[in-house]
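These notes concern the structure reproduced below.
Next up, the structure:
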């Protein structure tokens, strides 16, 4: 009954709090923040392999999602959560207002490969609006770390449909 539901909700809240403590999560008013190392000199295929995903969309290739820049650096990724359905345009406008830009695929893959942050995608989808590929008939898709149960996937989501309230949008400070 209601007691069982309350226990499940309490257990879920405790699990999420513990997960935040384990990965060293910080909150800075802009969203939960995680620092990962991005190696832009790696090939996209190697970045994907480092994440050890259970499934990867085969349309995610170097040609469609080129890595920008070179070198290796620590990057502070902010996961913005709106807790409501959001359009791509609304997310981009909100990030811009706060001096942020959406993460690109190389930053998303660094988050998915880092042992401290790789399990975040089992809690919620993580969207990289900074890498876009124009798909068939003009549809635009972006890379997403997603998961369910024990599985971790690297998927593509259409940008036109909007994003569910569970989603997190990766962002970094504009340089």
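In our numbering, the protein residues as written are 4 to 178. Ideal Cβ placement from N, Cα and C applies to all residues, glycine included.
Collapsed DSSP secondary structure at residue i in the structure displayed
i           : result
residue 130 : strand
residue 139 : helix
residue 98  : helix
residue 34  : coil
residue 125 : helix
residue 25  : With a pLDDT of only 44 at residue 25, under the threshold of 50, the placement of this residue in the model should not be trusted; the figure read from the coordinates follows. Here residue 25 sits in helix by DSSP.
residue 152 : coil
residue 177 : coil
Nearest neighbour of residue i, chosen from the options [CA to CA]
i           : options              : result
residue 99  : 36, 87, 109 and 83   : 83
residue 36  : 77, 154, 88 and 135  : 77
residue 56  : 50, 91, 130 and 156  : 156
residue 54  : 75, 166, 89 and 124  : 124
residue 164 : 74, 39 and 91        : 91
residue 105 : 130, 70 and 166      : 130
residue 69  : 51, 86, 58 and 85    : 51
residue 181 : 87, 43, 73 and 47    : Residue 181 is absent from the model: the chain starts at 4 and stops at 178.
residue 172 : 60, 116, 85 and 141  : 85
residue 39  : 118, 93, 126 and 133 : 118
One or two residues paired with residue i in a DSSP bridge
i           : result
residue 241 : Residue 241 falls outside the range modelled here, since the chain spans only 4 to 178, and no answer is possible.
residue 50  : In DSSP, residue 50 forms no bridge with anything.
residue 93  : DSSP, once it has assigned bridges, lists no residue as partnering residue 93.
residue 166 : 89
residue 1   : Because the chain in this structure spans residues 4 to 178, residue 1 falls outside the shown range and cannot be described.
residue 59  : 157
residue 70  : In DSSP, residue 70 forms no bridge with anything.
residue 146 : 159
residue 104 : 175
Whole-Å CB distance - residue i paired with residue j, under 8 Å assumed
i           : j           : result
residue 128 : residue 80  : Actually they are not in contact, since the Cβ atoms of residue 128 and residue 80 sit about 15 Å apart, beyond 8 Å.
residue 103 : residue 176 : 6 Å
residue 144 : residue 136 : 5 Å
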